[in-house]
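Under this note's numbering, the first residue of the sequence shown carries the number 197, and numbering increases by one thereafter. Cβ coordinates follow ideal geometry from the N, Cα and C atoms, glycine included. Beneath this line is the structure, given in structure tokens, with notes to follow.
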Amino acid sequence: MNACYEARIQRVIQNMEREGLSQILVTSTASVYYLTGVWVEPMERLFAFYLDTDGRQILFGNDLFGLQPVPGRELYVHNDSDDPLRDLARLVKPGTLGIDKAWPSRFLISLLQKRSDLTPVLGSAPVDEARMRKDAEEIEALRHASRVNDSVVAAAIHAVREGAVESQLAALVEEKFREAGAGRGHGQLVCFGPNGADPHHEPNSTVIRDGDSVVFDIFIPIPYYWCDMTRTVFFRSATDEAKRVYETVREANLAAEAVIRPGVPLCEFDRAAREVIEKAGYGPYFTHRLGHGIGLECHEPPDNSASSTVIAEPGMVFSVEPGIYLPGKLGVRIEDLVLVTETGCEVLNAYTKELQIVG
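Okay, structure coming up:
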């Protein structure tokens, strides 16, 4: 087995022992990939990886997945005519079984009907905690993805011109990502003027107007590790209020990044950004958390919010994305991904955060 995956498995086993779990069932596609290097989108079919503290590893899946035997890992395959839980129900040990938060209830209920000697508990923490601290291979993948994101946002901003349409610019972003080797698209956020006041506005047929803010929140896995960044520019002109909002958000972004270092609770980073926005009088218009963890999933632990008690550690990667949203007027968000280092943080996005008036 690849040494990288074996090291990850050992970290998870250590976490299991700390949690008092002797066996867990991992079913999240991203988490199974993290531990095995096997990526499967099972849809309605069963796909699961079993791990116990003795180091026993078993992969369960449908024969349509094309799973291959690997030394040190048992493999049990079923087909669409079989009971998908046939082998799993037979092989798990009695007692407490940690269950992945992502496992559909139809499988869990069926397993419990077959095995009354099992006590299911939420068992995602050992893998989630391991995934929060990226190893060297993951860090390089995230750096690469962010470099691609920098180039794509530059191309998208260059394409802002008279007659631009939100949905067309979003399609351009997807095209540029595919050219750079990205994986599956998930829909990009491109928001003009008042639409930017909705943090999750879906691009539509809105045509750009002079003075509009233009929010680009673009994100995709490349091929498995995600990039995610936001830049806001203005088309042809910006009012004094728009410039004031922009500079406040930029200052908030920089203030948060300036205090990121190991040993500090993530809620302090949210507080650093929020204080800047509140001091400028826009507190009620910063309506979401500062950010989220990122890796094999766009949103994963740790939560970078005002309520997060997670302590920053080297290897954590999360977003820093303060925003101000003025209904009926405009929205401004500036987002970077940051890597916690031994002494502070590394900002993974290099595209400028200086105010830009384009077109």
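Counted as a single uninterrupted DSSP element, the beta strand (DSSP E) harbouring S409 occupies residues 409 to 417. Residues L242, L281 of the same chain have their beta carbon placed closer than 7 angstroms to that of F303, with the five preceding and five following residues left out of the count. G477 is not bridged by DSSP to any residue.
Here H382 is not bridged, per DSSP, to any residue. V222 is the residue among G262, R339, D324, V222 whose C-alpha sits nearest the C-alpha of V288.
Below 8 angstroms, too few C-beta pairs join the segment 433 to 442 and the segment 482 to 499 to call them touching: fewer than three.
Per the C-alpha coordinates, the member of P300, H484, E453 positioned closest to T225 is P300. Inclusion of L231 and F245 in the CB contact set at 8 angstroms is warranted, their separation being smaller than that value.
Taken in chain order, the unbroken stretches of alpha helix (DSSP H) that lie wholly in the segment 437 to 498 and span 4 residues or more are 462 to 475.
Apart from sequence neighbours up to five positions away, the residues of its chain that approach A508 with a beta-carbon distance below 7 angstroms are I456, R457, P458, G459, V460, L462, V536, ordered along the chain. In the three-state reduction of the DSSP assignment, M212 falls in the helix class. As the crow flies, the alpha-carbon of D424 is around 24 angstroms from that of G555. Taking C-beta separations shorter than 6 angstroms and ignoring five residues to either side along the sequence, the partners of L293 in its chain run Q219, L314, P316, following chain order. For I335, the enclosing alpha helix (DSSP H) stretches over residues 332 to 354. Assignment of R529 by DSSP, reduced to helix, strand and coil, places it in the strand class.
Counted as a single uninterrupted DSSP element, the alpha helix (DSSP H) harbouring P322 occupies residues 321 to 328. Judged by DSSP secondary structure, Q253 falls within the beta strand (DSSP E) whose first and last residues are 253 to 258.
Taking A350 as the centre and dropping the five residues before and after it, the same chain places the C-beta of Y547 closer than 8 angstroms to its C-beta, in chain order. With a contact defined as Cβ atoms closer than 8 angstroms, E270 and Q253 qualify at about 7 angstroms.
With fewer than 16 neighbouring CB atoms inside 10 Å of its own CB, G359 falls in the exposed class. In this structure the segment 403 to 422 touches the segment 376 to 388; the number of beta carbon pairs closer than 8 angstroms is three or more. Taking a contact to require three or more Cβ pairs closer than 8 angstroms, the segment 498 to 508 and the segment 425 to 438 do not qualify as touching.
With distances taken between CA atoms, V344 lies nearest to A378 out of N449, I335, A378. The C-alpha of I305 is placed about 34 angstroms away from the C-alpha of C200. Boundaries of the alpha helix (DSSP H) harbouring L231: 225 to 232, taken from the DSSP string. Boundaries cannot be given for F261, as no alpha helix (DSSP H) includes it and DSSP labels it neither H nor E.
Of the residues D324, V403, W235, the one whose Cα lies closest to the Cα of I205 is D324. In chain order, G392, S409, V410, V411, F412, Y442, V445, G527, V528, R529, I530 place their CB closer than 8 angstroms to the CB of T428, counting only its own chain and leaving out the 5 sequence neighbours on each side. Taking a C-beta distance under 8 angstroms as the contact criterion, A355 and Y421 do not qualify as a contact pair. Per DSSP, the beta bridge partners of H274 are N258. For P265, same chain residues with a beta-carbon under 7 angstroms away, outside a window of 5 residues either side, are L271 in chain order.
The alpha-carbon of T249 is positioned some 53 angstroms away from that of L551.
Membership of D248 in the beta strand (DSSP E) is indicated by the continuous run 243 to 248.
Classified as buried, H397 has 16 or more neighbouring CB atoms from the shown chains inside 10 Å of its CB.
Between A469 and Y478, the alpha-carbon positions lie close to 12 angstroms from each other.
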